[in-house]
Amino acid sequence: MDIRVLALQRNLKLEWVRRSRNKVAHHVAKLASKGILNPGWVANPPVCLLFFFMFRCFYF
Numbered sequence: 018m019d020i021r022v023l024a025l026q027r028n029l030k031l032e033w034v035r036r037s038r039n040k041v042a043h044h045v046a047k048l049a050s051k052g053i054l055n056p057g058w059v060a061n062p063p064v065c066l067l068f069f070f071m072f073r074c075f076y077f
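As C-alpha cells, this is what we get:
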C-alpha cells in the first residue's frame, strides 16, 4: 500500500524531511527493510540506535 493512501485513510499529515535531519527514522527504515528490526524495538531498541537517541538527547 502506498504511504500516501495510508496517510489519507488515517488522517495523517506527511512532511518531507531531509535524511540528514531524520537519521533515526532512516536507520529504522533500513533495518526494517532488511527484516532485522525486532517488532518491540521501541521498548528495546537495538544497540546501533542507542547512539542516535543519546546524541539527540544530549545535543539538541
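Residues 18 to 77, numbered by the working numbering, are exactly what the sequence shown covers, in order. A virtual CB, placed ideally from N, CA and C, is assigned to each residue, including glycine.
- Message: Using C-beta distances below 8 angstroms, list every residue in its chain close to L25, excluding the 5 sequence neighbours before and after it, in chain order.
- Response: Same-chain partners within the cutoff: there are none.
- Item | W58 versus L48: straight-line alpha-carbon distance, rounded | Rounded to the nearest whole angstrom, the CA to CA distance from W58 to L48 is 11 angstroms.
- Message: For A24, report the span of its alpha helix (DSSP H) as first-last.
- Response: Taken as a continuous stretch (DSSP letters only), the alpha helix (DSSP H) holding A24 covers I20 to Q26.
- Rounded C-beta distance between L15 and V45? I'm assuming under 8 angstroms. Look at the range of the chain in this structure, 18 to 77, and you will see that residue 15 is not part of it.
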